[in-house]
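Comments concern the structure below.
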Amino acid sequence: MSSNKKPEPLRGVKGMNDYFAPESGRWEWLEAQLRDLLRSYGYRNARTPIVEPTALFVRGIGEVTDIVEKEMYTFTDKLNGDELALRPEMTAGLVRAVVEHNALYDGPRRLWSIGPVFRHERPQKGRYRQFHQLDVEAMGFAGPDVDAELILLTRALWRRLGLKEGQDIALELNSLGQAEERAAHRAALIAYLERHQEVLDEDAKRRLYTNPLRVLDTKNPALQSLVEDAPKLLDFLGEASRAHLQAVCDALDAVGLPYRINPRLVRGLDYYNLTVFEWVTPHLGSQATVCGGGRYDGLIEQLGGKPAPAVGFGLGMERLLLLLEALGLGHGESAPDVYAVVPDPAVLPRVFPVLEALRAAGVAVQMHAGGGSFKSQFKKADASGAQYALIFGGDELARNEVALKALRGDGNAPQRSLALAELDAWAPGLAQAGNA
Ligand code: ATP
Ligand code: MG
Numbered sequence: 414m415s416s417n418k419k420p421e422p423l424r425g426v427k428g429m430n431d432y433f434a435p436e437s438g439r440w441e442w443l444e445a446q447l448r449d450l451l452r453s454y455g456y457r458n459a460r461t462p463i464v465e466p467t468a469l470f471v472r473g474i475g476e477v478t479d480i481v482e483k484e485m486y487t488f489t490d491k492l493n494g495d496e497l498a499l500r501p502e503m504t505a506g507l508v509r510a511v512v513e514h515n516a517l518y519d520g521p522r523r524l525w526s527i528g529p530v531f532r533h534e535r536p537q538k539g540r541y542r543q544f545h546q547l548d549v550e551a552m553g554f555a556g557p558d559v560d561a562e563l564i565l566l567t568r569a570l571w572r573r574l575g576l577k578e579g580q581d582i583a584l585e586l587n588s589l590g591q592a593e594e595r596a597a598h599r600a601a602l603i604a605y606l607e608r609h610q611e612v613l614d615e616d617a618k619r620r621l622y623t624n625p626l627r628v629l630d631t632k633n634p635a636l637q638s639l640v641e642d643a644p645k646l647l648d649f650l651g652e653a654s655r656a657h658l659q660a661v662c663d664a665l666d667a668v669g670l671p672y673r674i675n676p677r678l679v680r681g682l683d684y685y686n687l688t689v690f691e692w693v694t695p696h697l698g699s700q701a702t703v704c705g706g707g708r709y710d711g712l713i714e715q716l717g718g719k720p721a722p723a724v725g726f727g728l729g730m731e732r733l734l735l736l737l738e739a740l741g742l743g744h745g746e747s748a749p750d751v752y753a754v755v756p757d758p759a760v761l762p763r764v765f766p767v768l769e770a771l772r773a774a775g776v777a778v779q780m781h782a783g784g785g786s787f788k789s790q791f792k793k794a795d796a797s798g799a800q801y802a803l804i805f806g807g808d809e810l811a812r813n814e815v816a817l818k819a820l821r822g823d824g825n826a827p828q829r830s831l832a833l834a835e836l837d838a839w840a841p842g843l844a845q846a847g848n849a
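In the working numbering, the protein residues as written are 414 to 849.
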């Protein structure tokens, strides 16, 4: 086949990102931190599909929400006509799975999951069409102790990553009460909004009777003062709801975690009740919320399960990584321990077994492949970030030796020769240092 026309390069989907090293290394590092931390709180991994029936999100998240109204990727399965959606968040899918497998049968569960979620939004820094969430859920717990536990878990994460709470990232807290309390507030809110019909925008007018609480979550600056003076749900809470919020506050006070009660914090999904919270940062413009969550005691039943209370949060991985980057925090990929320089490919049959043995001993070894001069190979060794170059010269190998050169730290340390037999003794220390 010959054609002198070069094919047009294909491009990825707008708002969906590709990551390579060293950036992908920061992801790996962050994910490792998260896994470790979640384990220390007794949370266990769960994995559910990226695609779910569209009805799950319509029923779970709510029809009159930004996500379901305009952000969800939906499609019809061409082969069988099923209506499907790329998940726009993780909670609904995890609840669906827990209900389907009767996973709360022998008691409550603490779960976490990391993966891509999809929303058709205008792409900008910190806002993408495919992004990644860490989702943490405690199902079968009525709280407020577990509400506090989840918030403490997030604070422990910020601390581990080097973020200063209250400064780089701050906690906002509210209570959405129970259904009857929201109904009373809703009536008062509708009456208030009706009195101000003339200033409402299209979204607000449409939501006035379907979901007036969501009007309070508007991003329209022209509506901010209206929202400011609207009746507050907090003033409609009964004894039990107040006590629940107070217990969460007491737990946070007990560990000295500062928070702000934000009566206008309603969150963008319909399933929340009682405790809701967000961690916001001043460093990411209008993509300020890094992590948000709350209690959703009705959702499990609403999705067909036996009634069970639950609480959880979603954390935006991209936003967290952007925040860390803005503050000069975080670590890149872990470079190999050793870069193997092989100036003469003819010696490779002797090199392979040595490298395999090093790797089996836990040393990360990147082998130079593709030939090239000693000088160019050595340059690549340095650029790889490796601690050491092992140089497999023909003369050295003939003497059962290899040349060792430190590339980091004490850069002036002279190259020295090491007997191949000595590598066994040299490797364990290196493997340990590399894994530290
Ligand atoms: P926002 O108000 O910024 O649109 P949201 O309330 O829609 O956020 P949630 O549904 O609570 O966000 O999702 C949890 C977290 O996921 C957010 O706090 C944020 O960190 C992240 N997130 C949400 N939408 C996006 C997006 N389009 N791109 C990247 N991260 C996102
Ligand atoms: Mg949103």
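Beta carbons: idealized from backbone N, C-alpha and C, even for Gly.
- Message: Quick check on ARG542: does DSSP put it in helix, strand or coil?
- Response: coil
- Message: Going by C-alpha to C-alpha distance, which of ARG535, PRO557 and GLY455 sits closest to MET485?
- Response: ARG535
- Message: Can you give me the C-alpha to C-alpha distance between ASN848 and ALA498, rounded to a whole angstrom?
- Response: Note that ASN848 scores a pLDDT of 46, beneath 50, so its modelled location is shaky; the value from the coordinates is reported in the next line. Computed Cα separation, rounded: 41 angstroms.
- Expressed to the nearest angstrom, what Euclidean distance is found between the alpha-carbon atoms of ASN430 and GLY438? 15 angstroms
- In this structure, does DSSP put TYR518 in helix, strand or coil? TYR518: coil per DSSP, three-state reduction.
- Is the segment 671 to 678 close to the segment 573 to 593, with three or more CB pairs under 8 angstroms? yes
- Query: Mind checking ALA400: buried by the 16 CB within 10 Å criterion, or exposed?
  - Reply: For residue 400 there is no data in the structure shown, the boundaries of the chain being 414 and 849.
- Confirm the yes/no value for this check: CB of GLU731, any heavy atom of the ligand ATP, distance under 6 angstroms. yes
- Message: Within 8 angstroms, do at least three Cβ pairs link the segment 500 to 510 to the segment 523 to 534?
- Response: yes
- According to the Cβ coordinates, are LEU687 and ARG708 closer than 7 angstroms? yes
- By the 10 Å Cβ neighbour count, where 16 or more other Cβ atoms means buried, how is TYR369 classified, buried or exposed? Summary: the structure shown does not reach residue 369, with the chain confined to residues 414 through 849, and so no result is reported for it.
- Message: Considering only the alpha carbon of each residue, which of GLU731, GLU465 and ILE674 lies closest to LEU443?
- Response: The candidate whose alpha carbon is nearest that of LEU443 is GLU731.
- Query: Got a sec, what are the start and stop residues for the beta strand (DSSP E) GLY506 sits in?
  - Reply: That residue, GLY506, is in no beta strand (DSSP E); its alpha helix (DSSP H) goes 504 to 513.
- Item | Of the listed residues GLY785, THR623 and LEU836, nearest to PRO766 (C-alpha basis) | LEU836
- Message: Out of ALA826, GLY806 and PRO827, which one is the CA nearest neighbour of LEU833?
- Response: GLY806
- Would you mind sorting PHE690 into buried or exposed? The rule is 16 or more other CB atoms within 10 Å of its CB. Residue burial is scored here from C-beta neighbours: PHE690 has at least 16 other C-beta atoms within 10 angstroms and is therefore classed as buried.
- Task: Please state if the CB of TRP525 and the CB of LEU451 are separated by a distance shorter than 7 angstroms.
- Result: yes
- Exposure of GLY741, with buried meaning 16 or more beta-carbon neighbours within 10 Å: Label assigned to GLY741: exposed.
- Message: Tell me the residue span of the alpha helix (DSSP H) that contains TYR622.
- Response: 615 to 623
- Item | Residue nearest to ALA510 in terms of C-alpha spacing, selected from LYS818, ARG772, ILE713 and ALA777 | Minimum Cα distance to ALA510 is reached at ILE713.
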